[in-house]
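Worksheet: the structure to be examined is printed underneath.
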Amino acid sequence: MDGLYVVRHEPTWREEPEPDCYDNGTDEKTAYALFGLAVYRANCLEHSLVNILAAAKLITAREQGEQLIRDPWTQGFKNMMGKLIKRAEVHTGAHPEVVADLARSLERRNFLVHHFWRERIQDMATEAGRVRMCADLKADCRLLTQADEQLSEKIVTPILERLGVTAAAIQAQYAEERRKAMERN
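Residue numbers (this note's numbering): 401 to 585.
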């Protein structure tokens, strides 16, 4: 499973009250950093959707005694979030709260990627504008993280467990990827 990369952190969205783990600054660097974090969180969610589709394809092939010729992750990474959500409906449909989070996440992801700077650049000119922008970006990060964690908890994890990929195996993979990254630096 070379395509199964660990890109999430520990679930946090259920904690009450939510700790503010973000920089509380509102300078330009913080706004750009929060934008980057929001887009990263959208990418993590996309990766979870790809993991669902790839793992499901592996399970189907195993059950039907087929050998896959192509890496099942390759096709997934050719799709954008909207198409991935549509393709994953067969797995997400039984979880209306996940479907709703995915729909909101897609809307926010598309806004961030296609419209955010064009519509919000004027907010960078003032402290009050940056405060609003940073608050909105933090909300986007929380939404995208919550959607990814719910998707993982309710759908990704059970599918991966059917393949024999346990939480311990995922943690070991994360540790290995982290070790390799640290060696490169």
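Backbone N, C-alpha and C fix where the C-beta goes; we use that ideal spot for every residue, glycine too. This structure is a prediction, so every number in the text was calculated from the model and none was measured.
Assignment of alpha helix (DSSP H) within the region 440-514, counting only whole runs of 4 or more residues, yields 472-476, 481-492 and 496-514 in chain order. The beta carbon of LEU560 sits closer than 6 Å to the beta carbons of ALA455 from its chain, once the five residues preceding and following it are set aside; these are given in chain order. Between MET524 and GLU463, the alpha-carbon positions lie close to 54 Å from each other. Taking the Cα positions, PHE516 is about 28 Å away from THR492. In this structure, ALA442 places its C-beta atom within 8 Å of the C-beta atom of LEU544. In the same chain as MET481, and ignoring 5 residues on each side of it, the C-beta atoms closer than 6 Å to its own belong to GLU446, LEU506 and ARG509, in chain order. Contact between the region 485-503 and the region 550-558 is present: three or more C-beta pairs spanning the two stretches fall below 8 Å.
For CYS541 against THR430, the beta-carbon gap comes to about 13 Å, at or over 8 Å, which does not count as contact. Put simply, of VAL450, PRO472 and ALA461 the residue whose alpha carbon is nearest the alpha carbon of ILE555 is VAL450. Between GLY476 and LEU484 the beta-carbon gap is near 7 Å, inside 8 Å, which marks them as a contact. If you draw a straight line from the Cα of ALA569 to the Cα of CYS444, it is about 19 Å long. Distance from the CA of LEU437 to the CA of GLU519, rounded to the nearest whole angstrom, comes to 19 Å.
For the pair LYS478 and VAL499, the Cα-to-Cα distance works out to about 22 Å. Looking at the backbone, the Cα of ASN424 and that of SER448 are separated by about 29 Å. By the C-beta density criterion, ILE521 is exposed, having fewer than 16 other C-beta atoms within 10 angstroms. Collapsing the DSSP output to three states places ASP427 in coil.
With contacts defined by Cβ atoms closer than 8 Å, GLU527 and THR460 do not form a contacting pair. Between TYR440 and GLU466, the alpha-carbon positions lie close to 35 Å from each other.
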